[in-house]
Amino acid sequence: MSFIAILSIFVMACFVGYYVVWSVTPALHTPLMAVTNAISSVIIVGALVASAAAGSLVAKWLGLGAVVLASINIFGGFAVTARMLAMYKKKDRPVA
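Note that our numbering has the sequence shown beginning at 2, numbered continuously upward.
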């Protein structure tokens with residue numbers, strides 16, 4: 002594929018992602034975050050497979066970088082999702 006074709010696909014994916022995320026109702030933001038965390042875990046599996054395959058040293062380092070960045074994304078996403086779920090919990094009122 003040519004560079005222009007790849008760039009066009011990337012730009013279209015950015016626009017589609019932007020409009021999909023901003024058109025989600027607020028009640029569905031927490032499940033959307035959970036699905037995003039699941040997608041990041043798939044990225045980690047792909048990065049591990051890519052870095053374990055026979056190839057150049059640069060590919061192995063890029064795979065390691067992908068694992069590190071996706072791990073940060075997953076743990077941060079779970080932390081944000083937990084905080085969002087905590088906002089919906091009812092607080093116990095003391096009985097007077």
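Note that beta-carbon positions come from the ideal geometry of N, C-alpha and C, so glycine has one too.
Nearest candidate by alpha-carbon position, reference residue i, set the options
i      : options                           : result
Ser-52 : Val-46, Gly-64, Ile-45 and Leu-58 : Gly-64
Ile-44 : Ala-35, Val-12 and Ala-67         : Ala-67
Met-34 : Ser-57, Val-46 and Ala-83         : Ala-83
Leu-86 : Ser-3, Pro-32 and Ala-55          : Pro-32
Exposure label - residue i; buried when at least 16 CB within 10 Å
i      : result
Ala-6  : exposed
Ala-48 : buried
Gly-18 : exposed
Gly-77 : exposed
Counting Cβ pairs closer than 8 Å, one from the stretch 15-28 and one from the stretch 65-77, do we hit at least three? Too few Cβ pairs lie closer than 8 Å, so no.
contact_flag[the stretch 37-46, the stretch 55-63] where n(CB pairs < 8 Å) is 3 or more: At 8 Å Cβ cutoff, the stretches do not touch.
Segments assigned beta strand (DSSP E), at least 3 residues, entirely inside the stretch 14-74: Restricted to the stretch 14-74, not a single beta strand (DSSP E) segment is unbroken, complete and at least 3 residues in length.
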